[in-house]
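Take a look at the structure below.
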Amino acid sequence: MKIDFHSHVKLSKKTNFSIDNFRELIKEAKEEGLTAITITEHFNTLNFPEVYDTLDKNYEYKDDYYDIDGFKAFTGMEVDVKENGHVLIIGNLRNIREVREYLNDYDSKESFISLKKLFGLCETYDMLIIGSHPFREDHPLYKAEPELLSRFNAFDLNGKDLFTYGIEEMSKKVKELGEEYNVPIVTGSDTHQYLQIGSVMTAFEKECNTVKEIKDEIKCGRYEISVSPHLNIKIKAATIIKSILKKQLEAK
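First residue of the sequence shown: 487, per my numbering; consecutive thereafter.
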């Protein structure tokens, strides 16, 4: 299974979800050789429930993923925490909905949930918990308490950050962080505009149907990560197009 662990399915927090844009994302992902993604839309995006309500109407949900003509879209979201970082949580859709409901009281910058409380909540559901872009300047998750950093199931080698800070430099920093806390590294493109998908990839030896299976494979190290030789041009193009489309949509 070849997967992208950090995929947004909306252009921005302020825009509405579009099933047509989602289908374009899946089409591009297939063309890039991916066989799965995890949906990690921002938990405090405009009308978060609309994303999964719409997908429910269009696709069959099996185990922990939507079946899109054989392509798997696992369910999750990206959560802001009080420590000024972002966390990707992936799990069964029912559990994702319950956690999102719980976070209604924690959806603004002044009230973001603590990392410790989020771990306690998500570990109850046996979710996959990934530390997102840990060295991004405005969301420096790496500064969190060591005992909390060691609880992550994985850290995110983020496509956008590889583009922004340099592939060699950022890869080295994330790898060293993982080694320090004995936490594996997986990849996520941080796609908002579909051209960015496929800039990074995590390839598992086996096909996974549940989040538990994915967690087990990560823990055992039965996977490889890769960076596309076209990462820079893919993300640069996606960034330009996203900026143009975002202005057009948010002006309506």
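The C-beta atom is built at its ideal place from N, Cα and C for all residues, glycine as well.
Treat the numbers as computed from the prediction; the structure is a model and nothing was measured.
- Using a Cβ-Cβ distance cut-off of 8 Å, the stretch 704-712 and the stretch 537-554 are not in contact, since fewer than three pairs of beta carbons, one from each stretch, lie closer than that value.
- Residues of the same chain with a CB within less than 8 Å of the CB of V495, apart from the 5 flanking positions on each side, are F503, N507, F508, L511, I525, E527 and V537 in chain order.
- Taking a C-beta distance under 8 Å as the contact criterion, S636 and N668 qualify as a contact pair.
- Assigned with DSSP and collapsed to three states, A640 falls in strand.
- Where I512 is concerned, the enclosing alpha helix (DSSP H) starts and stops at I505 to E517.
- Judged by their CB atoms, I671 and A630 are not nearer to each other than the 8 Å cut-off.
- The residue among F649, P620 and H625 with its C-alpha nearest the C-alpha of V660 is P620.
- Three or more Cβ pairs closer than 8 Å define a contact, and the stretch 586-594 falls short of that threshold against the stretch 639-654.
- Between S675 and G684 a beta carbon distance of about 7 Å is seen, short of the 8 Å cut, so the two are scored as contacting.
- The C-alpha of E699 lies about 18 Å from the C-alpha of H492.
- By the C-beta density criterion, L532 is exposed, having fewer than 16 other C-beta atoms within 10 angstroms.
- Excluding sequence positions up to five before and after E518, its CB lies within less than 7 Å of the CB of I683 and G684, all in the same chain and listed in chain order.
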